[in-house]
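My numbering applies: residue 53 is where the sequence shown begins, and numbers increase by one.
I have placed the structure first, in the form of structure tokens, so that the comments after it can refer back to it.
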Amino acid sequence: MGRIIAVSNQKGGVGKTTTTVNLGASLAAAEQRVLIVDFDPQGNASSGLGIDKSLQDNTVYELILGQTTIQRVALATELPTLRVIPADPRLAGAEVELVDLGEREYRLAKALAPAVEDYDYILMDTPPSLGLLTVNALVAAQSVLVPIQCEYYALEGLSQLLNTIHLVQQRLNPDLRLEGVLLTMFDQRLRLSRQVAEEAKEYFGDKVYKTVIPRNVTLGESPSFGRPVILHDAQSRGAVAYLELASEVLSHDQARIG
Ligand SMILES: Nc1ncnc2c1ncn2[C@@H]1O[C@H](COP(=O)(O)OP(=O)(O)OP(=O)(O)O)[C@@H](O)[C@H]1O
Ligand SMILES: [Mg+2]
């Protein structure tokens with residue numbers, strides 16, 4: 053059975069989408085069958101994988117409303133074992149519309165259930181908020197991967213996220229775990245970066261991935277080519293870092309199974 057991971061942090065711009073796209077692509081490069089679910093109305097994971105939003109009326113929005121099937125909505129990408137369910141701005145409406153529908157927190161979990169056997173990894177990108185969309189992703193997930201940007205106030209607000217995870221565990225998804233904490237946009241030269249890394253390790257211990265994602269221009273520019281960084285420039289430091297993260301995730305999972 054596939055692993056289902058939500059990539060979440062209600063703080064904006066910390067590297068959620070970059071991590072979803074590039075961890076997903078790196079796992080696919082390691083011959084894993086990967087499904088990326090874009091669950092953010094901004095649709096950045098979709099465009100970052102070269103999906104033209106204007107072509108879509110077949111998105112995760114229709115999927116959670118039961119108007120399309122997962123087979124129809126999971127689109128091919130340049131990597132043969134990587135598929136993506138795209139999102140567009142209409143998904144923002146779901147935040148309100150779902151309130152009146154039954155089992156509103158379980159919509160995404162139910163929609164993904166038929167596909168769980170078809171993938172080794174399902175990665176969900178979430179919006180920078182703790183609203184109903186993020187809750188749907190946390191209910192569908194087995195675990196949460198939290199990217200932390202090595203910047204001022206990086207850890208501030210994390211208690212809110214941990215609190216939401218806790219509430220979801222208590223009421224909706226008792227098996228939800230913390231998958232890991234990923235340091236992003238790390239700059240070795242900056243004392244601040246090193247400080248954030250230290251604090252994160254004090255707080256989260258061995259939940260912090262050994263792999264640290266450096267601040268890297270290539271990572272920032274590859275979405276504008278609609279490609280994950282390993283296809284844009286495989287030699288770049290960003291590409292190497294996400295490939296290393298994929299190995300770390302795979303080896304954790306092998307240790308857990310074996
Ligand atoms: N390691 C990195 N080095 C350089 N730029 C990066 C890195 N990671 C992300 N970026 C850039 O920083 C910006 C924010 O990253 P990203 O979109 O992944 O964050 P996010 O958490 O998904 O944001 P949002 O909360 O808006 O969804 C983007 O322009 C992205 O290209
Ligand atoms: Mg994003």
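Don't be surprised by glycine CBs; every beta carbon is placed ideally from N, CA and C.
Note that the coordinates shown come from a computational prediction; the quantities given were computed from them, not determined experimentally.
(message) Given this structure, state the Cα-to-Cα distance separating Lys105 from Gln94, to the nearest angstrom.
(response) Lys105 and Gln94: Cα-Cα distance of roughly 10 Å.
(message) One question on the structure: do Thr72 and Asp140 come within less than 9 Å of each other, judged by their Cβ atoms?
(response) Not a contact, by the Cβ cut-off of 9 Å.
(request) Determine the extent of the beta strand (DSSP E) in which Tyr173 is found, giving its start and end residues. (result) Under the DSSP assignment, Tyr173 falls in the beta strand (DSSP E) whose first and last residues are 173 to 177.
(request) Enumerate in chain order the residues of its own chain whose CB-to-CB distance from Asp227 is below 7 Å, with the five nearest sequence positions on each side excluded. (result) For Asp227, where only same-chain residues beyond five positions count, the Cβ hits under 7 Å are Gln194.
(message) Quick check on Leu295: does DSSP put it in helix, strand or coil?
(response) Looking at Leu295 - three-state DSSP - the assignment turns out to be helix.
(request) Return yes when the Cβ of Pro199 is within less than 9 Å of the Cβ of Asn74, no when it is not. (result) No; because the gap between Cβ atoms is not below 9 Å, this pair is not in contact.
(request) Specify whether the region 246 to 261 and the region 55 to 64 touch according to this definition: at least 3 beta carbon pairs, one from each stretch, less than 8 Å apart. (result) The region 246 to 261 is not in contact with the region 55 to 64.
(request) For ligand 1, list every residue whose C-beta falls under 5 Å from any of its heavy atoms, going in chain order. (result) My final list is Gly64, Gly65, Val66, Gly67, Lys68, Thr69, Thr70, Pro180, Met237, Ile265, Arg267, Asn268, Leu271, Gly272.
(message) Between Ala206 and ligand 2, is there a pair consisting of the residue's CB and a ligand heavy atom that are separated by less than 8 Å?
(response) No, since every heavy atom of ligand 2 falls outside the 8 Å radius drawn around the Cβ of Ala206.
(request) Give, in chain order, every unbroken run of the alpha helix (DSSP H) that is at least 4 residues long and sits entirely within the region 81 to 162. (result) The qualifying runs are 96 to 100, 112 to 116, 122 to 125, 143 to 149.
(request) Give a yes or no on contact between the region 78 to 94 and the region 206 to 221, applying the rule of three or more CB pairs nearer than 8 Å. (result) Three or more beta-carbon pairs separated by less than 8 Å are not found between the region 78 to 94 and the region 206 to 221, which leaves the two stretches without contact.
(request) State whether the region 270 to 279 contacts the region 296 to 306, with contact taken as three or more CB pairs (one from each stretch) at a distance under 8 Å. (result) The region 270 to 279 makes no contact with the region 296 to 306: fewer than 3 CB pairs, one atom from each, lie closer than 8 Å.
(request) Going by DSSP, name the residue or residues bridged to Leu234. (result) BP columns for Leu234 point to Pro199.
(request) Go ahead and label Asn188 buried or exposed: buried means 16 or more other beta carbons lie within 10 angstroms of its beta carbon, across all protein chains shown. (result) Classification for Asn188: buried.
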